[in-house]
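**Student:** Quick note on numbering: this note's numbering labels position 112 of the sequence shown as 96, and the sequence is numbered without any gaps.
There's a structure below that I have some questions on.
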Amino acid sequence: IAIIGTGNVGAHNAYDATGSKFLGIVVMVIDALKGASVIYLAKLFHGDYFAAMAVAGTMVVFGHNWNVLLRFKGGRGLATAAGVFAVVDPLFLIVWWVTFLTGYFAIRRDVHVGSMTAILATVVLAWSTPDRVIRDTTMVVCLDPNQMRIFIAAVSLLLFIRHVEPIRELIRTSVSTDDEE
């Protein structure tokens, strides 16, 4: 996957480069399981210490996006982050999907536009969600909802950084298409 298509090692490139929905889904599931398993391992080794889970979750997305073994190339981190948040706080995974679909269908039918919409909206919604809701929906022990908000913001920043270039390219091609008309 790293030598075809965009060179990213994620599910989207696996699907785009091969045309195989099956392969795209397999890569997505593997990446999501990677994210979820890191949270389970952090919980296993550190109990209910939320900071350990937050650091582990952030670092697994970082490692996916900038893989040392691939000379700091990687994927865009979406499936890995989905696996992390499926275990930590499914509410924000649901928020992400709803805002992704909104961005995709309401703004432009482009995966990167949907992703960027979801990334930004999830951070805004995390900071505007009442503490009680965060405490009630979190699947791990998180006594301070601000820790969850910081965790969501950190992971979202990693996702945002990896989506800047595709959005730039989309804008560039849109502008050049408009200039030709």
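Even glycine gets a Cβ: it sits at the ideal position worked out from N, Cα and C.
This structure is a prediction, so every number in the text was calculated from the model and none was measured.
1. With a 10 Å radius around its C-beta and 16 neighbouring C-beta atoms as the bar for buried, classify G87 as buried or exposed.
2. In the DSSP assignment, find the alpha helix (DSSP H) that holds I23 and state where it starts and stops.
3. Inspect the beta-carbon positions of I23 and M37 and report whether they are closer than 7 Å.
4. Indicate whether G19 and V44 have their beta-carbon atoms separated by less than 7 Å.
5. Determine whether the beta carbon atoms of A(-2) and G8 lie at a separation below 7 Å.
6. Taking DSSP as the reference, what is the three-state secondary structure of N51?
7. Give a yes or no on whether the C-beta atoms belonging to I103 and F144 are separated by under 7 Å.
8. In chain order, what residues of the same chain lie with their CB nearer than 6 Å to the CB of H48, ignoring the 5 residues before and after it?
9. Whose C-alpha, out of G31, R156, V108 and A70, is nearest the C-alpha of V125?
10. Taking F76 and F84 to be in contact with their CB atoms under 8 Å, please state how far apart those CB atoms are, rounded to whole angstroms.
**Tutor:** On the basis of the coordinates in this document:
1. Numbered from 1 along the sequence shown, position 103 holds the residue referred to as residue 87. That one is buried.
2. On the sequence shown, residue 23 is found 39 positions in, with the first residue counted as 1. Counting along the chain, the unbroken alpha helix (DSSP H) around I23 starts and ends at K5 to H30.
3. The residue labelled residue 23 in the question sits at position 39 within the sequence shown. The residue labelled residue 37 in the question sits at position 53 within the sequence shown. Contact: yes.
4. Position 35 of the sequence shown holds residue 19. Position 60 of the sequence shown holds residue 44. G19 is a Cβ neighbour of V44, given a cutoff of 7 Å.
5. Against the sequence shown, residue -2 aligns to sequence position 14. Against the sequence shown, residue 8 aligns to sequence position 24. In this structure, G8 lies closer than 7 Å to A(-2) by Cβ.
6. Position 67 of the sequence shown, counting from 1, holds the residue named residue 51. If DSSP states are grouped into helix, strand and coil, N51 belongs with the strands.
7. Along the sequence shown, read from residue 1 onward, the residue named residue 103 stands at position 119. Along the sequence shown, read from residue 1 onward, the residue named residue 144 stands at position 160. For I103 and F144, yes; Cβs fall inside 7 Å.
8. Here residue 48 refers to the residue found at position 64 of the sequence shown. G58, G59, G61 and T64, listed in sequence order.
9. Position 141 of the sequence shown, counting from 1, holds the residue named residue 125. For the residues G31, R156, V108 and A70, the minimum Cα distance to V125 belongs to G31.
10. Reading the sequence shown from its first residue, position 92 is the one you call residue 76. Reading the sequence shown from its first residue, position 100 is the one you call residue 84. The pair is not a contact, with the Cβ atoms about 12 Å apart (cut-off 8 Å).
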